[in-house]
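The numbering of the sequence shown is the UniProt record's numbering, which starts it at 1 and goes up by one.
Beneath this line is the structure, given in structure tokens, with notes to follow.
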Amino acid sequence: MSDALSDDGSDINQDDSQDVMTPAELIAKLEEAWLNEKFSPELLENKSEVVECVMEQLTHMESNLQRVKKGDAKASLH
Numbered sequence: 001m002s003d004a005l006s007d008d009g010s011d012i013n014q015d016d017s018q019d020v021m022t023p024a025e026l027i028a029k030l031e032e033a034w035l036n037e038k039f040s041p042e043l044l045e046n047k048s049e050v051v052e053c054v055m056e057q058l059t060h061m062e063s064n065l066q067r068v069k070k071g072d073a074k075a076s077l078h
């Protein structure tokens with residue numbers, strides 16, 4: 001589930017077998033996995049693919065922010 005996303009959050013993968021998820025959907029899925037694990041009486045299967053996707057997005061966002069000039073409105077939106 002390593003969904004590649006462009007700067008605007010749209011899917012740039014050409015592989016139709018992978019799910020397309022917006023950043024908001026990805027965060028919701030991560031939060032759901034966290035809450036399920038938190039309240040489960042037993043250990044659940046890990047959701048490393050969701051965590052990896054979120055980490056990729058954060059890394060991409062950080063690199064975009066480093067390219068933006070200080071004081072630019074784009075930086076304050078992130």
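Cβ coordinates follow ideal geometry from the N, Cα and C atoms, glycine included.
Quick caveat: nothing in here was measured; it's all calculated off a predicted structure.
Query	Result
I need the straight-line Cα distance from K47 to V54, nearest angstrom please.	11 Å
Helix, strand or coil for E62 per DSSP?	helix
Leaving aside the five residues before and after V50 along the sequence, list all residues of the same chain whose C-beta is less than 8 Å from its C-beta, in chain order.	M1, L26, K29, L30 and A33
Which of helix, strand or coil does DSSP assign to V68?	coil
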